[in-house]
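According to the numbering used here, the stretch in the sequence shown is residues 518 to 598, in order.
Quick reminder that beta carbons are idealized off the backbone N, C-alpha and C, glycines included.
I have placed the structure first, in the form of structure tokens, so that the comments after it can refer back to it.
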Amino acid sequence: MKKRFSEDQIHKILKESESGASTPEVCRKYGISANTFYRWRSKYGGMELNDLKRMKSLEEAQRFIEEWRTFYNSERPHSSL
Numbered sequence: 518m519k520k521r522f523s524e525d526q527i528h529k530i531l532k533e534s535e536s537g538a539s540t541p542e543v544c545r546k547y548g549i550s551a552n553t554f555y556r557w558r559s560k561y562g563g564m565e566l567n568d569l570k571r572m573k574s575l576e577e578a579q580r581f582i583e584e585w586r587t588f589y590n591s592e593r594p595h596s597s598l
């Protein structure tokens, strides 16, 4: 099952790592893979919490727009009328 982390949780995990905790230790504590941790760090590292929330909401909006665009640009049976 895929676990979703909130912006607050991601920020807390990254800050804990920045404060000196080792990466494997942080990953074990929160049950995340090292790949997930490094992806978060490269994407959100150094951001403040407000910036992180803004970035996540923009990503959600882009995902919604892309789904909408795909749906409305697909050929439908009644489109030939």
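Check your understanding: What residue range is occupied by the uninterrupted alpha helix (DSSP H) comprising asparagine 552?
Key -> 551-561
Practice item. Determine the DSSP secondary structure at glutamate 576, reduced to helix, strand or coil. Key: helix
Exercise for review: Determine the burial state of isoleucine 582: buried for a count of at least 16 other Cβ atoms within 10 Å of its Cβ, exposed for fewer.
Suggested key: exposed
Review point. In or out: leucine 602 buried (at least 16 other Cβ within 10 Å) or exposed?
Key: The displayed coordinates of the chain run from 518 to 598. Any statement about residue 602 would go beyond what the structure contains.
Exercise for review: Can you say whether leucine 575 is buried or exposed, counting buried as having 16 or more other CB atoms within 10 angstroms of its CB?
Suggested key: exposed
Point to revise | Contact check, threonine 540 vs phenylalanine 522, beta carbons under 8 Å | key: no
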